[in-house]
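Below is one structure, written out as structure tokens; comments come after it.
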Amino acid sequence: MRVYALCLLCFAQISMAQVNVQPNFGLELAERDSVKTEQLTRALNGFLAEALSGTYTEEYVDTNHRNRYDFFFRKLARIGNNSETTKYNPPLVLKSFTADDEVYKIVVAFTGTRNDEPFVFQVTELKVVPHEESYRFYCPFEENTEHYQSKQIGTVRYHYQSTLDPEKSEQFASFKSELCQMANVKDETIEYYCFESLDDLLKAYGFLYSARQCNFLCYDLGFTESEGDVYITGTDNANYAFGFIGEFLYYNLPNSEEMYIPFVQGMATYYGGYGLSYDSMNELKAQFREELRSNPSVDFLEEFKKGRKSSVQRHFSYYVLSAFLCEKVLKEADFETALGLAYSGSGGEAFFEKLQEAVGVNEGNFHQTIVEIIEEA
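Here it is as structure tokens:
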């Protein structure tokens, strides 16, 4: 197999936003076709200009591919917007190569200075495919995962690197089918990519390095692609239900813009344990009992209304408090009632009204209700 290095030396002016890649003169210039070099450079500058603006067009990105790999294109978007403290350098081509003189892989680094200190923000591999008289840009996910093993369990087709936990995979497949039944949704097969770490997940997408991803971003630990047909986790857990539930509701139920995220995350916590820690309801109740004992003046209604500004053992309070309320609703009513609470408006405008109707809980007795719930355990 022949592999050629390509150094992109030509700059191009882009009308919508100027993005000029930096040449890397340390690369060997093996490509002798100046026309192809110019076409690649112009296309790369055009694509990066669209990424900078966050708006991709058919000229550089296939729309179907864009929709399938939404995570990839969103994580590329708007890199390079300067602020008072952050200044970006022109993107730097670190490496480029082709095995067939047609399709290229190009590795681009996004660097700059933050508070006058140099930093590397992201290093990304792009797949570049000829299109008409130019090139289109693709996520390398398919090639990077083509060697993975696959196994169908119920309506879940798992894709994994080395091993798959049989018990957890069976649990998730069973739960997924049960959730479809409760939500009155057709139980169709999904593709479940179970990565052994967040780093493996990112590399599969072509993110060789990313400074803005970490193990505390639940979105990156469990999310769906292709409008819910593909589920991705970086948890090495074949039963990461916490990251699945909110995405499932969003893609399978109507009027998702009316969903109240805190309660949706509460439902996810109830069914799947909290985030990456997987703390169960009993464990969470014990933690909140301890919080109450160490801080007797705490008001759980106030903590709920603080949103992300309140946490107990690194768990967002309003997610966990919602999980406690979800449990109460399921005990005293049913899943349909809990789902109704999830539809309380994006800002929770109707939450307390619906909570009162469902189980008689309002702002006046909210705190005492939570105390009673956590003391029951």
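Counting from 3, one number per residue, gives the positions in the sequence shown under our numbering.
All C-beta atoms, glycine included, are put in the ideal place defined by N, C-alpha and C.
Could you have a look at residue i and say whether DSSP puts it in helix, strand or coil?
i	result
Pro-92	coil
Val-373	helix
Thr-59	coil
Val-361	helix
Glu-148	coil
Ser-279	coil
Gly-350	coil
Gly-156	coil
Met-18	Note that Met-18 scores a pLDDT of 34, beneath 50, so its modelled location is shaky; the value from the coordinates is reported in the next line. If DSSP states are grouped into helix, strand and coil, Met-18 belongs with coil.
Ser-36	helix
Ser-312	coil
Ile-81	coil
Pro-120	strand
Gly-366	coil
Inspect the beta-carbon positions of residue i and residue j and report whether they are closer than 7 Å.
i	j	result
Phe-244	Gly-275	yes
Tyr-253	Gly-230	yes
Phe-123	Ala-213	yes
Phe-143	Ala-51	no
Ile-155	Ser-179	no
Tyr-211	Val-125	yes
Arg-70	Ser-228	yes
Phe-265	Ala-344	yes
Lys-89	Gly-114	yes
Gly-82	Leu-128	no
Which one of the options has the shortest CA to CA distance from residue i?
i	options	result
Ile-247	Glu-359, Phe-99, Leu-341	Leu-341
Phe-197	Glu-172, Lys-188, Cys-182, Asn-239	Asn-239
Asp-64	Phe-73, Asn-364, Arg-138	Arg-138
Asn-367	Val-322, Arg-310, Phe-302, Ser-319	Phe-302
Leu-278	Ser-299, Asn-241, Glu-329, Val-37	Asn-241
Thr-87	Glu-119, Lys-107, Pro-93, Ser-98	Glu-119
Glu-334	Leu-204, Asn-66, Gln-358, Ser-346	Gln-358
Val-373	Arg-295, Tyr-345, Arg-44, Arg-68	Arg-295
Phe-73	Glu-329, Lys-330, Phe-209	Phe-209
Taking residue i as part of the beta strand (DSSP E), name the residues at either end of that continuous run.
i	result
Leu-210	209-212
Arg-70	Careful: Arg-70 lies outside any beta strand (DSSP E), inside the alpha helix (DSSP H) at 65-70.
Tyr-137	136-140
Tyr-195	192-196
Evaluate contact between the region 307-318 and the region 270-288, counting only Cβ atoms and requiring at least three cross-stretch pairs below 8 Å.
yes
When the Cβ atoms of the region 113-133 are set against those of the region 182-192, are three or more pairs found closer than 8 Å?
Because the criterion of three Cβ pairs below 8 Å is not met, the region 113-133 and the region 182-192 do not touch.
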